[in-house]
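Novice: Let me begin by handing over the structure; questions about it come next.
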Amino acid sequence: MTWLITGGAGYIGAHVARAMTEAGERVVALDDLSAGYPARLPSDVPLVEGSSLDGALLKRVLAEYGVTGVVHLAARKQVAESVAQPTRYYRENVGGLATLLEAVAEAGVGRFLFSSSAAVYGNPDVELITEDTPCAPVNPYGETKLTGEWLVRAAGRAHGISTVCLRYFNVAGAATPELADTGVFNIVPMVFDRLTRDEAPRIFGDDYPTPDGTCVRDYIHVADLAEAHLAAARRLVDRESGDGDLTVNIGRGEGVSVRELITVIGEVTGDRRTPVVEARRPGDAPRAVASAARAAEKLGWTARRGVREMAESAWRGWLLHHGQ
Ligand SMILES: NC(=O)c1ccc[n+]([C@@H]2O[C@H](COP(=O)([O-])OP(=O)(O)OC[C@H]3O[C@@H](n4cnc5c(N)ncnc54)[C@H](O)[C@@H]3O)[C@@H](O)[C@H]2O)c1
1 MTWLITGGAG YIGAHVARAM TEAGERVVAL DDLSAGYPAR LPSDVPLVEG
51 SSLDGALLKR VLAEYGVTGV VHLAARKQVA ESVAQPTRYY RENVGGLATL
101 LEAVAEAGVG RFLFSSSAAV YGNPDVELIT EDTPCAPVNP YGETKLTGEW
151 LVRAAGRAHG ISTVCLRYFN VAGAATPELA DTGVFNIVPM VFDRLTRDEA
201 PRIFGDDYPT PDGTCVRDYI HVADLAEAHL AAARRLVDRE SGDGDLTVNI
251 GRGEGVSVRE LITVIGEVTG DRRTPVVEAR RPGDAPRAVA SAARAAEKLG
301 WTARRGVREM AESAWRGWLL HHGQ
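Residue numbering for the sequence shown follows UniProt numbering, beginning at 1 and increasing consecutively.
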């Protein structure tokens with residue numbers, strides 16, 4: 001097998017490229033470098049600089065490298081930006097996927113893994129979100145992921161491609177400091193950012209119907225997530241080409257509240273200042289925790305790393321990229 005990893009120079013893509021090459025898989029990365037860094041990739045992984053919207057380039061890359069499977073991570077991922085620029089999100093996330101699937105079908109590539117998100121579910125009022133929980137995304141980003149899943153399954157059926165959609169929950173941590181997420185869009189870097197500015201971390205709402213009143217989420221270490229991709233890729237290879245689709249949650253199945261997470265970050269950084277409580281943010285669900293049962297059953301994969309490891313490894317990355 002030779003795997004094309006789109007978005008391979010990104011935060012998650014670089015972890016996936018590393019996990020797959022360490023496991024002996026042949027990998028080539030494609031990235032337009034709008035948010036990625038070539039230095040993140042292992043030195044033996046070729047990087048093609050270009051966009052998933054460039055059909056001619058995709059055809060060339062699939063042929064030149066003899067690609068037999070695709071792991072598609074390239075996408076824009078900021079919820080607020082998607083609300084402000086919905087057409088851009090549909091064009092790049094859905095249009096880029098359609099262009100890629102056309103090239104994949106034409107080249108006869110039989111395996112396709114799609115990077116989806118818990119954002120497809122919206123805010124369901126359930127204890128554990130299973131893959132059968134109805135999908136009702138609440139922002140254009142989530143809509144592009146759900147539309148993307150439909151497109152992946154439809155193209156799989158039409159062209160005999162085996163497909164897997166992985167719905168990631170809240171990704172955090174880093175396998176090594178160099179691979180850390182450099183953006184400040186998720187809660188862990190947002191708390192680091194506040195501490196670095198000598199300000200108290202913020203909690204948006206502490207009157208939710210949860211044990212400590214703050215929102216509860218399912219955090220997953222990016223190194224575990226990368227291993228889930230490897231397991232899914234192997235599962236795709238074991239199946240016959242065209243052997244249906246699989247949709248799987250990738251989470252720990254354990255809820256951690258915002259207050260609990262900030263306490264762990266305080267222990268890790270040594271900065272235990274009391275968080276300030278501000279108003280709720282519109283659109284935040286009280287609780288979003290995955291059922292991890294299907295991933296264990298279908299992929300033979302279960303997360304191994306806990307929230308403390310996520311905070312510690314993310315903090316090492318933060319210090320490397322943002323200084324003391
Ligand atoms: N980080 C999370 O918490 C999270 C959660 C759920 C799903 N996801 C999904 O995982 C994937 C990777 O996310 P990430 O956190 O690594 O983000 P990232 O921004 O670090 O990585 C995305 C990479 O794709 C590249 N890219 C973007 N558009 C492209 C295009 N049209 N053509 C080629 N390259 C392009 C960027 O340069 C970047 O390197 C995305 O699809 C995202 O929606 C992420």
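Built from N, CA and C at the ideal position, the CB exists for glycine as well.
For residue 26, report the span of its beta strand (DSSP E) as first-last.
Specialist: Within the sequence shown, numbered from 1, the residue matching residue 26 stands at position 26. Unbroken beta strand (DSSP E) run through residue 26: 26-31.
Novice: Which value, in whole angstroms, describes the spacing of the CA atoms of residue 236 and residue 111?
Specialist: In the sequence shown, counting from the first residue as 1, residue 236 sits at position 236. In the sequence shown, counting from the first residue as 1, residue 111 sits at position 111. Whole-angstrom Cα-Cα distance: 6 Å.
Novice: Does the Cβ-Cβ distance between residue 189 and residue 195 come in under 8 Å?
Specialist: Working through the sequence shown from its first residue, we reach residue 189 at position 189. Working through the sequence shown from its first residue, we reach residue 195 at position 195. Going by C-beta atoms, residue 189 is not nearer than 8 Å to residue 195.
Novice: Between residue 144 and residue 153, which are expected to be in contact by the criterion C-beta below 8 Å, what is the C-beta distance as a whole number of angstroms?
Specialist: In the sequence shown, the residue the question calls residue 144 occupies position 144. In the sequence shown, the residue the question calls residue 153 occupies position 153. Between residue 153 and residue 144 the Cβ distance is about 15 Å, and since that is not below 8 Å, they are no contact.
Novice: For residue 311, which residues from the same chain have a beta carbon less than 7 Å from its beta carbon, with the 5 sequence-adjacent residues on both sides left out?
Specialist: The residue labelled residue 311 in the question sits at position 311 within the sequence shown. Excluding positions up to five away in sequence, the list reads 188, 264, 265 and 268.
Novice: Answer yes or no: do residue 96 and residue 52 have a C-beta to C-beta separation smaller than 8 Å?
Specialist: What you label residue 96 is simply residue 96 of the sequence shown in a count that begins at 1. What you label residue 52 is simply residue 52 of the sequence shown in a count that begins at 1. Yes, Cβ-Cβ distance for residue 96 and residue 52 is below 8 Å.
Novice: In the DSSP assignment, what are the bridge partners of residue 202?
Specialist: The residue given as residue 202 occupies position 202 in the sequence shown. According to DSSP, which records beta bridges pairwise, residue 202 is partnered with 276.
Novice: I want to know whether the region 131-145 touches the region 115-123 - three or more CB-CB distances under 8 Å.
Specialist: Yes: at least three Cβ pairs fall under 8 Å.
Novice: Decide yes or no for the touch test of the region 312-322 against the region 160-174: beta carbon pairs closer than 8 Å, at least 3 of them.
Specialist: Enough Cβ pairs lie closer than 8 Å, so yes.
Novice: Would you mind working out which of 280, 299 and 260 sits nearest residue 248, comparing C-alpha positions?
Specialist: Here residue 248 is taken as the residue at index 248 of the sequence shown, counted from 1. Here the closest residue by C-alpha is 299.
Novice: I'd like to confirm something about residue 91: is its beta-carbon nearer than 7 Å to some heavy atom of ligand 2, or not?
Specialist: Among the ligands present in this structure, namely ligand 1, ligand 2 is not found.
Novice: Considering only the beta carbon of each residue, do residue 230 and residue 84 sit closer than 8 Å?
Specialist: Along the sequence shown, read from residue 1 onward, the residue named residue 230 stands at position 230. Along the sequence shown, read from residue 1 onward, the residue named residue 84 stands at position 84. Contact flag unset, no.
Novice: By the DSSP assignment, the alpha helix (DSSP H) with residue 224 in it spans what residues?
Specialist: Here residue 224 refers to the residue found at position 224 of the sequence shown. Where residue 224 is concerned, the enclosing alpha helix (DSSP H) stretches over 222-238.
Novice: In whole angstroms, what is the alpha-carbon distance linking residue 323 and residue 290?
Specialist: The residue labelled residue 323 in the question sits at position 323 within the sequence shown. The residue labelled residue 290 in the question sits at position 290 within the sequence shown. The straight-line gap from Cα to Cα measures roughly 34 Å.
Novice: With DSSP collapsed to three states, give me the class of residue 3.
Specialist: The residue you call residue 3 lines up with position 3 of the sequence shown. Three-state result, residue 3: strand.
Novice: Is it right to say residue 217 is buried, meaning 16 or more other beta carbons lie within 10 angstroms of its own, or is it exposed?
Specialist: Counting from one through the sequence shown, the residue named residue 217 turns up at place 217. The residue is buried, with at least 16 neighbouring Cβ atoms inside 10 Å.
Novice: Against chain B, with Cβ distances strictly below 8 Å, would residue 175 count as a contact?
Specialist: Protein chain content of the structure displayed is limited to a single chain, and chain B is not contained in it.
Novice: Buried or exposed for residue 282, please, with buried defined as at least 16 other CB atoms from any protein chain shown within 10 angstroms of its CB.
Specialist: Along the sequence shown, read from residue 1 onward, the residue named residue 282 stands at position 282. Residue 282 comes out exposed.
Novice: Have a look at residue 26 and residue 11 and give me their C-alpha separation to the nearest angstrom.
Specialist: Mapped onto the sequence shown, residue 26 falls at position 26. Mapped onto the sequence shown, residue 11 falls at position 11. When rounded, the distance between both Cα atoms is 19 Å.
Novice: According to DSSP, simplified to helix, strand and coil, what is residue 127?
Specialist: Locating residue 127 in the sequence shown gives position 127, counting from the first residue. Looking at residue 127 - three-state DSSP - the assignment turns out to be coil, as it is neither helix nor strand.
Novice: Between the region 155-170 and the region 97-106, do three or more beta carbon pairs fall short of 8 Å?
Specialist: The region 155-170 is in contact with the region 97-106.
Novice: Using the three-state DSSP reduction, which class does residue 93 fall into: helix, strand or coil?
Specialist: Taking the sequence shown and counting its residues from 1, one reaches residue 93 at position 93. Residue state, collapsed to three classes: helix.
Novice: Note down, in chain order, each residue of its chain lying with its Cβ closer than 6 Å to the Cβ of residue 159, except the 5 sequence neighbours on either side.
Specialist: Numbered from 1 along the sequence shown, position 159 holds the residue referred to as residue 159. So the qualifying residues of the chain are 105.
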